[in-house]
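Everything below concerns the one structure shown next.
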Amino acid sequence: MAEQLRLMTVHAHPDDESSKGAATMARYVAEGVDVLVATCTGGERGSVLNPQMDRPEVLADIANIRKREMDEARAILGVRQAWLGFVDSGLPEGDPLPPLPEGCFGLVDPEEGAKPLIKLIREFRPHVMTTYDENGGYPHPDHIMCHNISVVAFDAAGDPDKYPELGEPWQPSKLYYNSGWTRARMLALHEGMLAAGLESPYTEWLQNEERTDRGDKITTRIECGEYFEIRDNALRAHATQVDPDGFWFHVPMEMQQKVWPTEDFELARSLVDSPTPESDLFAGIRESVDTH
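Residue numbers (UniProt numbering): 1 to 292.
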């Protein structure tokens, strides 16, 4: 019996799957890979970031609306999707930061919080997992906890002595961190816009950006420019979170595909021989999986 390659991507909120690695997922779906998005929270405490949707009735029903948006994005990407059932922490603001809300995802014990993800891993049996780095990609408490439970789950899912009540052990072969807006990518798009005589949306960001850049940690670049349109359509499906006239869509599609046609990842753990740099998340795995 031929075996299908399987990819699981773990995200903090609905909409994160469409802004981080979505074109990669669409490419693998087109190639016949079974892709499952695990969404940690419902995004219940998210703000409405699209002025066209900023209405009282939307805010009053944000949890249900975000579920419907996720359904639409999932269909556009052609993936499967599962909710892990945690409650959004919100993004605390202020100095000092206020405490996180009681019962939210950002306060769970990672060993306990990993349980629904371990159960899902043992059911779906992914060969590859992706999640965020230890800083969450950016320091949102839900993104950091998403990293924490993903690492616990990756290490525990294949151990028959851990969480035996959660199903038959399964060990994924590789764990990646999404690598989003590196300075190199931003600078390439910025310079492309200026060279074309267009106004760059990144000018201020490049001047003020203070986040630690992890561009030197990238191990894997997935060619997926032809799927950028699918990515953008999935992102627009999250209408409460994304302004269709906003920042995300200022760079013409043709320029994105020419200047930076890849989505990039850091290989964090590998149990197979997969020399870097890579151009395939399944490098080192395809050889051992009979897909024919």
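We put the beta carbon where it would ideally sit given N, CA and C, even for glycine. The structure displayed is predicted, hence computed values, not measured ones.
Cβ neighbours of residue 301 in the same chain (closer than 8 Å, five flanking residues each side left out): With the chain covering 1 to 292 only, the question about residue 301 has no answer from this structure.
The segment 226–243 in contact with the segment 70–82 per 3-pair CB rule at 8 Å: yes
Residue from E168, A2, A156 and A195 with nearest C-alpha to G32: A2
V35 in three-state terms, based on DSSP: strand
Through-space distance from S200 to E191, alpha-carbon basis: Whole-angstrom Cα-Cα distance: 8 Å.
Where M145 falls, given that 16 or more other Cβ within 10 Å makes a residue buried: buried
C-alpha distance - R123 paired with G167, whole-angstrom precision: According to the sequence displayed, residue 123 carries Glu and not Arg. Those two C-alpha atoms are separated by around 7 Å.
Continuous beta strand (DSSP E) stretch holding M8: start and end: R6 to H11
Identity of the residues DSSP links to A82 by a beta bridge: Residue pairing of A82 in beta bridges, as defined by DSSP: A38.
Segment contact, 8 Å Cβ cut-off, at least three pairs: the segment 112–128 with the segment 162–176: With the cut-off at 8 Å, the segment 112–128 and the segment 162–176 touch.
C-beta contact flag for D15 and Q241 at 8 Å: yes
Inter-residue CB distance, E263 and G21 (contact presumed, cutoff 8 Å): 6 Å
Reference Q256; option with closest CA among D245, V289 and L189: Distances from the CA of Q256 to each of D245, V289 and L189 were compared; the closest alpha carbon is that of L189.
Outcome for R283 when other beta-carbon atoms lying within 10 angstroms are tallied against a minimum of 16: Per the sequence shown, residue 283 should be read as Ala rather than Arg. A buried status is given to A283, since no fewer than 16 other beta-carbon atoms sit within 10 Å of its beta-carbon.
M129 - partner residues in DSSP beta bridges: M8 and L175
Same chain only: Cβ atoms within 6 Å of A60, ignoring 5 sequence neighbours per side: none
Close beta carbons around R6, own chain, < 8 Å, minus the five adjacent residues each side: V33, D34, V35, L36, F124, R125, P126, H127 and V128
S18 vs H250 beta-carbon contact at 8 Å: no
6 Å Cβ shell around P160 - same chain, five flanking residues per side excluded: P169
Spatial distance of S179 from I218 (CA atoms): 7 Å
Contact test: T24 Cβ vs the ligand GDP heavy atom, cutoff 7 Å: Absence of the ligand GDP is noted for the structure shown, with no ligands found whatsoever.
Those runs of the alpha helix (DSSP H) which lie wholly inside the segment 178–256 and span at least 4 residues: Fully enclosed alpha helix (DSSP H) runs of 4 or longer: 183–195, 203–208 and 228–237.
Of the residues Y202, D280, R55 and W260, the one placed nearest W248, counting alpha carbons only: Y202
Residues near D133 by beta carbon distance below 6 Å, same chain, minus five either side: Y177
Closest by C-alpha distance to G43, when choosing among E204, V151 and R68: Of the candidates E204, V151 and R68, the one whose C-alpha sits nearest the C-alpha of G43 is R68.
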